[in-house]
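Position 24 of the sequence shown, counted from 1, bears residue number 24 in the UniProt record's numbering, the numbering being contiguous throughout.
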Amino acid sequence: MWNTKLYELLEVWSSWISCLAVFPGLGGTQFEKLRYGIVSMLEYKQTTGLLAEYGIFKLRGQQLPESAPVFCYARNGDIAGILRLFDLGKASLQDHTPSGQSLLHFASEFGHLELFKALAVGGLDLCEYGHGSARPVENMIVLGNRHRRVDIAALQQFYLENDVYREGGLLLHPNEWAYIYELLSFSSPEAVRTILPSAVPRFYERLNLEERIKYCSFDDPDGDPETLLFMMNARCNLSHEDISNLQQKSVCFLAIMAFRYGPMSARGGFYHASPWRKLVREAIPLTEDISFRGIGLDPTFQSREFQNKGLKSNPVLEFLQRIEPLTALFTVLSYFRYEKQEHQAPTCRRDLRKRAQIALRWWLEDLAGCQVSLMEYGRRERRIFLRNEKLKKAWYYGGRGFEHKNNSDACVLERMARLVDFDYGANPGDWRLHWDTEVERYAGEFWSLVEGIVPQL
Numbered sequence: 001m002w003n004t005k006l007y008e009l010l011e012v013w014s015s016w017i018s019c020l021a022v023f024p025g026l027g028g029t030q031f032e033k034l035r036y037g038i039v040s041m042l043e044y045k046q047t048t049g050l051l052a053e054y055g056i057f058k059l060r061g062q063q064l065p066e067s068a069p070v071f072c073y074a075r076n077g078d079i080a081g082i083l084r085l086f087d088l089g090k091a092s093l094q095d096h097t098p099s100g101q102s103l104l105h106f107a108s109e110f111g112h113l114e115l116f117k118a119l120a121v122g123g124l125d126l127c128e129y130g131h132g133s134a135r136p137v138e139n140m141i142v143l144g145n146r147h148r149r150v151d152i153a154a155l156q157q158f159y160l161e162n163d164v165y166r167e168g169g170l171l172l173h174p175n176e177w178a179y180i181y182e183l184l185s186f187s188s189p190e191a192v193r194t195i196l197p198s199a200v201p202r203f204y205e206r207l208n209l210e211e212r213i214k215y216c217s218f219d220d221p222d223g224d225p226e227t228l229l230f231m232m233n234a235r236c237n238l239s240h241e242d243i244s245n246l247q248q249k250s251v252c253f254l255a256i257m258a259f260r261y262g263p264m265s266a267r268g269g270f271y272h273a274s275p276w277r278k279l280v281r282e283a284i285p286l287t288e289d290i291s292f293r294g295i296g297l298d299p300t301f302q303s304r305e306f307q308n309k310g311l312k313s314n315p316v317l318e319f320l321q322r323i324e325p326l327t328a329l330f331t332v333l334s335y336f337r338y339e340k341q342e343h344q345a346p347t348c349r350r351d352l353r354k355r356a357q358i359a360l361r362w363w364l365e366d367l368a369g370c371q372v373s374l375m376e377y378g379r380r381e382r383r384i385f386l387r388n389e390k391l392k393k394a395w396y397y398g399g400r401g402f403e404h405k406n407n408s409d410a411c412v413l414e415r416m417a418r419l420v421d422f423d424y425g426a427n428p429g430d431w432r433l434h435w436d437t438e439v440e441r442y443a444g445e446f447w448s449l450v451e452g453i454v455p456q457l
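If you want it as structure tokens, here you go:
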């Protein structure tokens, strides 16, 4: 009864404010925001039920475990279930988990756009921090779009209507670091193309080509090459001009792309790797020296406003710079030396050998497809390897399980093998990696023989 009376009062206020706004001196931004807030409450009451109503009257929440029914409903996007708990008095809009996550955090993390919008209009803060979690405004883009396909156009419209980019949300703020690295690394290309121009106005003018590349993730097996192309230029393509500009500054784009063959081998499927390999085949003819040593790219984010939560450099580029300049061939294998492989790490020595051989074979197939002589290439690369003691002594890692730290499971890596030599030939199938000792070499040949045996019935 009293809720109905309040909404009648809101309707009167809305009409009264509209009348006052026509008089000089009584308008302005704050006036419009007040009117917009009242109208939003009235509209949302009619379209999505009573969540806005609960936002007004249930201001005091309680701390509930993450397994509480209200948070389970939020994960599933069940608005009716949440309203039912509100009516029974078993939950409220302001309930939080012990780690500080609200209903809005769960709705955004699991990509439930309608619930996300209803909770925000109901009064929950789009920019509220949870302990150890991003704000809902970023969660919806970074995580929500992974769990389910979010209507990016509708999300962008909602952000624009609610001044997200001007009220300390995604827009670069003098007192906050941007979430641009996560946005670009883990979002879909559609989300990046739609959100980025509003989140970072004049992006291509504010960062040069080398700096834009740094914001891409090179170790995510599920990464999309369209995101990298969008970072390179607004046309979203690989141009001879861009490659030439990088080479003039001693930056080898092909070597950067070579690192991706390691994480791609984690999936093992040709279809999954095909988009990236297609991009590499476009880059090979444009590269002056395919045995160029090093990536030539400073991994540090130069501008403070483009750092992400204190992250000062791209972790993959920092790793490649630290382990000394490598040619693209050894950059292909360097992923298995990377300390942050996480769940994509090889599980044993045999798995390491198998995946490294897959990554190598894909790389050689792409070179051969671009008319590169593998005999000449192998002769040159083996000479580089035999003269480099650090390469021969480098350890390659695999995972031996998970360890629970800081409320999350972290992959524990251990040393598994060292590359001691390799054979090469005119065809990709002629190349063979040799690990540790001759015993490892013969063991590898034994397993290849066993796997190649066809049972006779």
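Yeah, the Cβ is synthetic: ideal placement off N, Cα and C, and Gly gets one too. These figures come from a predicted structure and were not determined experimentally.
Is it buried or exposed, residue i, if we count other Cβ atoms within 10 angstroms and call 16 or more buried?
{"i": "residue 395", "result": "exposed"}
{"i": "residue 412", "result": "exposed"}
{"i": "residue 369", "result": "exposed"}
{"i": "residue 237", "result": "exposed"}
{"i": "residue 425", "result": "exposed"}
{"i": "residue 231", "result": "buried"}
{"i": "residue 223", "result": "buried"}
{"i": "residue 274", "result": "exposed"}
{"i": "residue 91", "result": "buried"}
{"i": "residue 389", "result": "exposed"}
{"i": "residue 348", "result": "exposed"}
{"i": "residue 129", "result": "exposed"}
{"i": "residue 371", "result": "exposed"}
{"i": "residue 314", "result": "buried"}
{"i": "residue 265", "result": "buried"}
{"i": "residue 255", "result": "buried"}
{"i": "residue 344", "result": "buried"}
{"i": "residue 201", "result": "exposed"}
{"i": "residue 88", "result": "exposed"}
{"i": "residue 99", "result": "exposed"}
{"i": "residue 359", "result": "buried"}
{"i": "residue 373", "result": "exposed"}
Once DSSP output is grouped into helix, strand and coil, what is the label at residue i?
{"i": "residue 122", "result": "coil"}
{"i": "residue 157", "result": "helix"}
{"i": "residue 396", "result": "strand"}
{"i": "residue 89", "result": "coil"}
{"i": "residue 434", "result": "strand"}
{"i": "residue 317", "result": "helix"}
{"i": "residue 192", "result": "helix"}
{"i": "residue 465", "result": "Here the chain has residues from 1 to 457 only, and residue 465 is not among them."}
{"i": "residue 417", "result": "strand"}
{"i": "residue 102", "result": "strand"}
{"i": "residue 164", "result": "coil"}
{"i": "residue 70", "result": "helix"}
{"i": "residue 351", "result": "helix"}
{"i": "residue 95", "result": "coil"}
{"i": "residue 289", "result": "coil"}
{"i": "residue 422", "result": "strand"}
{"i": "residue 327", "result": "coil"}
{"i": "residue 62", "result": "coil"}
{"i": "residue 200", "result": "coil"}
{"i": "residue 372", "result": "coil"}
{"i": "residue 137", "result": "helix"}
{"i": "residue 280", "result": "helix"}
I'd like the list of long-range same chain contacts for residue i, defined as Cβ closer than 6 Å, with 5 residues on each side in sequence excluded.
{"i": "residue 280", "result": "257 and 366"}
{"i": "residue 459", "result": "No statement about residue 459 is possible, as the shown extent of the chain runs from 1 to 457 and does not include it."}
{"i": "residue 320", "result": "295"}
{"i": "residue 501", "result": "The chain is shown only over 1 to 457; residue 501 falls outside these bounds and no answer can be derived."}
{"i": "residue 212", "result": "231"}
{"i": "residue 66", "result": "97"}
Quick one: what's got a C-beta closer than 7 Å to residue i's C-beta in the same chain, skipping five residues either side?
{"i": "residue 227", "result": "184, 189, 192 and 216"}
{"i": "residue 165", "result": "159, 171, 198 and 199"}
{"i": "residue 81", "result": "73"}
{"i": "residue 75", "result": "106 and 110"}
{"i": "residue 233", "result": "239 and 242"}
{"i": "residue 356", "result": "333, 336 and 433"}
Whole-angstrom Cβ separation of residue i and residue j, contact assumed at under 8 Å?
{"i": "residue 382", "j": "residue 422", "result": "7 Å"}
{"i": "residue 120", "j": "residue 126", "result": "5 Å"}
{"i": "residue 363", "j": "residue 329", "result": "7 Å"}
{"i": "residue 259", "j": "residue 331", "result": "5 Å"}
{"i": "residue 431", "j": "residue 420", "result": "Not quite, the Cβ-Cβ distance comes to about 15 Å (not below 8 Å), so this is no contact."}
Could you check whether the Cβ of residue i sits closer than 6 Å to any heavy atom belonging to the ligand ATP?
{"i": "residue 119", "result": "With respect to the ligand ATP, the structure offers nothing, as it holds no ligand at all."}
Sorted by chain position, which residues of the same chain lie with C-beta nearer than 8 Å to residue i's C-beta, five sequence neighbours on each side aside?
{"i": "residue 139", "result": "105, 108, 109 and 133"}
{"i": "residue 248", "result": "none"}
{"i": "residue 291", "result": "327, 328, 329, 377, 380, 381 and 384"}
{"i": "residue 85", "result": "69, 70, 73 and 91"}
{"i": "residue 210", "result": "246, 249, 251, 297 and 298"}
Are the C-beta atoms of residue i and some chain B residue less than 7 Å apart?
{"i": "residue 157", "result": "Annotation note: the requested chain B is absent from the structure, which comprises a single protein chain."}
- Are there three or more Cβ pairs, one per stretch, closer than 8 Å when the stretch 278 to 296 is compared with the stretch 236 to 254? yes
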